[in-house]
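Notes follow the structure.
Protein chains: 2
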Amino acid sequence: MKVINDLEKAEDLNMQLNYYDKEDQVLLAVDCIIFGFDKENLKILLIKRNFEPEKGRWSLIGGFLKKNENLDQAAVRVLNALTGLTDIYMEQLYTHSKIDRDPGQRTISVSYYALIDVESHKFDGIQIDSARWFELNEAPNLIFDHNEMIQRAIARLRRRALTNPIGFELLPEKFTMRQLQNLYESILDKKLDKRNFINKINSLDVLIKLDEKDMTVSRKGAYLYVFDKDKYQKKVEEDGFIFKI
Amino acid sequence: MKVINDLEKAEDLNMQLNYYDKEDQVLLAVDCIIFGFDKENLKILLIKRNFEPEKGRWSLIGGFLKKNENLDQAAVRVLNALTGLTDIYMEQLYTHSKIDRDPGQRTISVSYYALIDVESHKFDGIQIDSARWFELNEAPNLIFDHNEMIQRAIARLRRRALTNPIGFELLPEKFTMRQLQNLYESILDKKLDKRNFINKINSLDVLIKLDEKDMTVSRKGAYLYVFDKDKYQKKVEEDGFIFKI
DNA sequence: TTTTAAAGTGTATCTTACACACTAGTAAAG
DNA sequence: CTTTACTAGTGTGTAAGATACACTTTAAAA
Numbered sequence: 001m002k003v004i005n006d007l008e009k010a011e012d013l014n015m016q017l018n019y020y021d022k023e024d025q026v027l028l029a030v031d032c033i034i035f036g037f038d039k040e041n042l043k044i045l046l047i048k049r050n051f052e053p054e055k056g057r058w059s060l061i062g063g064f065l066k067k068n069e070n071l072d073q074a075a076v077r078v079l080n081a082l083t084g085l086t087d088i089y090m091e092q093l094y095t096h097s098k099i100d101r102d103p104g105q106r107t108i109s110v111s112y113y114a115l116i117d118v119e120s121h122k123f124d125g126i127q128i129d130s131a132r133w134f135e136l137n138e139a140p141n142l143i144f145d146h147n148e149m150i151q152r153a154i155a156r157l158r159r160r161a162l163t164n165p166i167g168f169e170l171l172p173e174k175f176t177m178r179q180l181q182n183l184y185e186s187i188l189d190k191k192l193d194k195r196n197f198i199n200k201i202n203s204l205d206v207l208i209k210l211d212e213k214d215m216t217v218s219r220k221g222a223y224l225y226v227f228d229k230d231k232y233q234k235k236v237e238e239d240g241f242i243f244k245i
Numbered sequence: 246m247k248v249i250n251d252l253e254k255a256e257d258l259n260m261q262l263n264y265y266d267k268e269d270q271v272l273l274a275v276d277c278i279i280f281g282f283d284k285e286n287l288k289i290l291l292i293k294r295n296f297e298p299e300k301g302r303w304s305l306i307g308g309f310l311k312k313n314e315n316l317d318q319a320a321v322r323v324l325n326a327l328t329g330l331t332d333i334y335m336e337q338l339y340t341h342s343k344i345d346r347d348p349g350q351r352t353i354s355v356s357y358y359a360l361i362d363v364e365s366h367k368f369d370g371i372q373i374d375s376a377r378w379f380e381l382n383e384a385p386n387l388i389f390d391h392n393e394m395i396q397r398a399i400a401r402l403r404r405r406a407l408t409n410p411i412g413f414e415l416l417p418e419k420f421t422m423r424q425l426q427n428l429y430e431s432i433l434d435k436k437l438d439k440r441n442f443i444n445k446i447n448s449l450d451v452l453i454k455l456d457e458k459d460m461t462v463s464r465k466g467a468y469l470y471v472f473d474k475d476k477y478q479k480k481v482e483e484d485g486f487i488f489k490i
């Protein structure tokens, strides 16, 4: 019996090695879609590619997954390496696998996206020269399937904006109602009624109105608000905190 | 000049080769989360793994991406190979990349999910013996991170059910209101009011009531409905057709 | 003919969404 | 000091949609 068992084990081991070994390996990339909000408009961060193929053309911020990291970590590392940006929370979006999407070699790419405040995230990386913000509708044509990736990210962002309090965490620490409304209007690409917007936001009960005013925006000045992270967290845990703008 | 150009080209080519060559390659897998609805309850399709590691344990229906296909195609192929199921539309869900998720070798897995009608999709594949339906809450513990994958799929399904007319396409061709309500109640895991549910569904205006009755469910019998695909498509194109149950 | 089991149906009340226009406050200009 | 200019800030009425709720109908089986 022992012999048979050992034989079986040997066969299994063999099978195991064979099984994985005969499979095709591929390169796995991450591409970061970084939306920026500058209190007025929605922008996107792009980079000039410094290697072939497609050297010199604009692209998303991308790089390859390494053996010792997971995809979330790869996205953070790549973003930091190419722009110097740190502490950006990105969310995984979609995995693109068209056979010839990268003519250099069979590469599958996982897209990540984030929405950040332009002012409070100034670049300081070595590659700063080659990365810059573009207005969303003035972005150049991108390499590979990067345009498609962006379209998908915009769709997700929009859907999110309609049903989740996206943006609260992503705004500058203190902001005016007008800025928050601008953000929503940029994402949804339509005008909202000021009174209804404020009523809705207030009914969510996650903002704290400060005594402080932003006097740069008008003669009268506009009250500043901060996001109440604790209240927000509690609501998310309780009921998912889905609403509708 | 020509010489220089050629030199540059050579350098570029070299760089190109180097660039891709020094990157780590990985195995890419797909795992299919197939939810089934049998007019009563939500089930999940699992398979007994027939190779090491973890041979003999239950797992999702999975396999590896090949060079000549994209991920969507891989998911369809793998599902068909292991269960004989055809014509299943699956949607990509998430890409799992924890470093040691598969102890056999570094493998990244892309999960796909679908919701199908159990009755109208009987197995006929060679592997039929090792695949079977489990009640969602009676499913065994699965290998790797497959439990986590299922949790994510349930969350997505639930979210979808709240805002999209999921299920209409996925039900048997003819169905009763009670069956549709059962489906929603299974997904959302809560009871709904019969009258309110019917009113809501009718207000969506995508079902056609037949003269035919299903006499198996009660003495009185229940009217059968069919899904109006054209109307549905039109609504999706016009306004995305988001609603709220 | 009676029993049984699920189907089918309507309304009143509450909540939320939406449309809509004027006053308030401050700094800068004159 | 007064006027001007500019954006912030505010409330209500109406319409639509969400929710709660219980009895009658139908046809087969006993």
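First to last, the protein sequences are chains A and B. Here this note's numbering is used: position 138 in the first sequence is 138, and no number is missing along the way. Here this note's numbering is used: position 97 in the second sequence is 342, and no number is missing along the way. Glycine residues also receive a C-beta, built at the ideal position from the N, C-alpha and C atoms.
In this structure, how does DSSP classify residue i when only helix, strand and coil are distinguished?
i: valine 230 (chain A); result: Checking the displayed sequence, the identity of residue 230 (chain A) turns out to be aspartate instead of valine. Of the three classes helix, strand and coil, the one that applies to aspartate 230 (chain A) here is helix, per DSSP.
i: valine 321 (chain B); result: helix
i: valine 110 (chain A); result: strand
i: lysine 9 (chain A); result: The predicted model places lysine 9 (chain A) with a pLDDT of 45, which falls under 50 and marks its position as unreliable, so this point remains unresolved.
i: aspartate 205 (chain A); result: coil
i: serine 250 (chain A); result: Nothing can be reported for residue 250 (chain A), as the shown portion of chain A is limited to 1 through 245.
i: isoleucine 306 (chain B); result: strand
i: leucine 327 (chain B); result: helix
i: tyrosine 184 (chain A); result: helix
i: isoleucine 443 (chain B); result: helix
i: glutamate 91 (chain A); result: strand
i: lysine 191 (chain A); result: coil
i: tyrosine 225 (chain A); result: strand
i: glutamate 483 (chain B); result: helix
i: methionine 1 (chain A); result: Its pLDDT being 40, under 50, methionine 1 (chain A) is placed unreliably by the model, and nothing is read from it.
i: phenylalanine 488 (chain B); result: coil
Of the choices the options, whose alpha-carbon is the least far from that of residue i?
i: alanine 81 (chain A); options: A:Tyr184, A:Lys67 and A:Gly63; result: A:Gly63
i: leucine 170 (chain A); options: A:Ile88, A:Leu46, A:Ala153 and A:Ser59; result: A:Ile88
i: threonine 408 (chain B); options: B:Ile306, B:Phe488, B:Glu299 and B:Lys311; result: B:Phe488
i: aspartate 345 (chain B); options: B:Val271, B:Ile490 and B:Ser375; result: B:Val271
i: valine 78 (chain A); options: A:Cys32, A:Asp145 and A:Val226; result: A:Cys32
i: phenylalanine 144 (chain A); options: A:Ile61, A:Asp189 and A:Tyr184; result: A:Ile61
i: leucine 290 (chain B); options: B:Pro348, B:Glu268, B:Ser375 and B:Thr461; result: B:Ser375
i: tyrosine 20 (chain A); options: B:Ala319, B:Gly349 and B:Thr328; result: B:Gly349
i: phenylalanine 227 (chain A); options: A:Ser109, A:Gly221 and A:Thr176; result: A:Thr176
i: leucine 210 (chain A); options: A:Thr83, A:Ser203 and A:Tyr225; result: A:Tyr225
i: tyrosine 223 (chain A); options: A:Leu204, A:Pro140 and A:Leu180; result: A:Leu180
i: arginine 401 (chain B); options: B:Leu273, B:Phe413, B:Lys445 and B:Ser356; result: B:Ser356
Any heavy atom of the ligand GTP closer than 8 Å to the Cβ of residue i?
i: serine 130 (chain A); result: In terms of ligand content, the structure shown is empty, and the ligand GTP therefore cannot be addressed.
Listed from N- to C-terminal order along the chain, which residues in the region 373-400 of chain B have their beta-carbon within a distance smaller than 7 Å of any beta-carbon of chain A? none
At least three beta-carbon pairs within less than 8 Å, the region 393-402 of chain B to the region 314-330 of chain B: Because the criterion of three Cβ pairs below 8 Å is not met, the region 393-402 of chain B and the region 314-330 of chain B do not touch.
Indicate whether the contact test is met: 3 or more Cβ pairs, each with one atom in the region 194-201 of chain A and one in the region 227-235 of chain A, closer than 8 Å. no
Hey, which unbroken runs of the alpha helix (DSSP H) at 4 residues or more fall wholly within the region 112-179 of chain A? The qualifying runs are 146-163.
Enumerated in chain order, which unbroken segments of the beta strand (DSSP E) with a length of 3 residues or greater are wholly contained in the region 21-45 of chain A? 25-37
Which residues, in chain order, does the region 349-372 of chain B contribute to contact with chain A at a C-beta distance below 9 Å? Flagged, chain order: Gly349, Gln350, Arg351, Thr352, Ile353 and Val355.
To be precise: take each residue of the region 262-278 of chain B, compare its Cβ to all Cβ atoms of chain A, and keep it if any distance is under 8 Å. Which residues remain? Tyr264, Tyr265, Glu268, Asp269, Gln270, Val271, Leu272 and Leu273
Taking contact to mean 3 or more Cβ pairs, one atom from each stretch, closer than 8 Å, check whether the region 27-37 of chain A and the region 108-125 of chain A are in contact. yes
Should the region 374-381 of chain B be called in touch with the region 285-292 of chain B, which here means at least 3 C-beta pairs below 8 Å? yes
Check distances from the C-beta atoms of the region 332-345 of chain B to those of chain A and list, in chain order, the residues that come in under 7 Å. Gln337, Tyr339, Thr340, Ser342, Lys343 and Ile344
Specify whether the region 152-159 of chain A and the region 86-104 of chain A touch according to this definition: at least 3 beta carbon pairs, one from each stretch, less than 8 Å apart. yes
Inter-stretch contact (C-beta, 8 Å, three-pair minimum) for the region 43-58 of chain A and the region 293-309 of chain B: Look at the beta carbons and you see the region 43-58 of chain A not touching the region 293-309 of chain B: under three pairs across the two are nearer than 8 Å.
Given a limit of 8 Å on CB to CB distance, which residues of the region 293-314 of chain B reach chain A? Phe296, Glu297, Pro298, Lys300, Phe309, Leu310, Lys311, Lys312, Asn313 and Glu314
Please list, in chain order, the residues of the region 177-195 of chain A that have any C-beta partner in chain B closer than 9 Å. none
If the cut-off is 9 Å on Cβ atoms, which residues from the region 204-220 of chain A count as contacting chain B, listed in chain order? Cβ contacts with chain B come from no residue of the region 204-220 of chain A.
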